[in-house]
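Take a look at the structure below.
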Amino acid sequence: MSYASRVILHLPLSNEDLLSAFVEPCLRDKVALIAVVGEGAARIEDIIDELVVGDASDDTRFVTTTSHSNESVEEVLEFAGWWNDERDRPVQIVKL
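All the letters of the sequence shown, read from the start, carry residue numbers 94 to 189 under our numbering.
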């Protein structure tokens, strides 16, 4: 499965251990935005940031992340829709 350049991660997660297996393909697919929506979004965003940055030895590992704890999926979908997307693909909603 390949990811669109703008992804909404819809919480709650079924298992936090799935985050690493989600982040690596996002980096491979050159996802530009991961917007996390739902209760606890800020904490999950921080975990994603740590997975992306790692030990900071690889500056090619980059994706913008945002958290939206108090917004609806529809509001975040609108936000992500305004994000610049060079691939002209729709925003993808992901549940893990």
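Cβ atoms here follow ideal geometry from the backbone N, Cα and C, with glycine treated the same way.
Handout entry: Alpha-carbon to alpha-carbon, S160 and A128
Key = 6 Å
Handout entry: Inter-residue spacing [alpha-carbon to alpha-carbon] between P105 and V130
Key = 9 Å
Practice task
Helix, strand or coil for R99, going by three-state DSSP, please let me know.
Solution key: strand
Problem - Entirely enclosed alpha helix (DSSP H) segments - the region 102 to 173, minimum 4 residues - result: 111 to 121, 134 to 146
Handout entry: Neighbour flag for L120 against chain B, beta carbons, 9 Å
Key = Protein chains in the displayed structure number just one, and chain B is not present.
Practice task
Determine, using beta carbons only, whether S179 and I137 come nearer to each other than 9 Å.
Solution key: Correcting the residue type first, residue 179 is Glu in the shown sequence and not Ser. Going by C-beta atoms, E179 is not nearer than 9 Å to I137.
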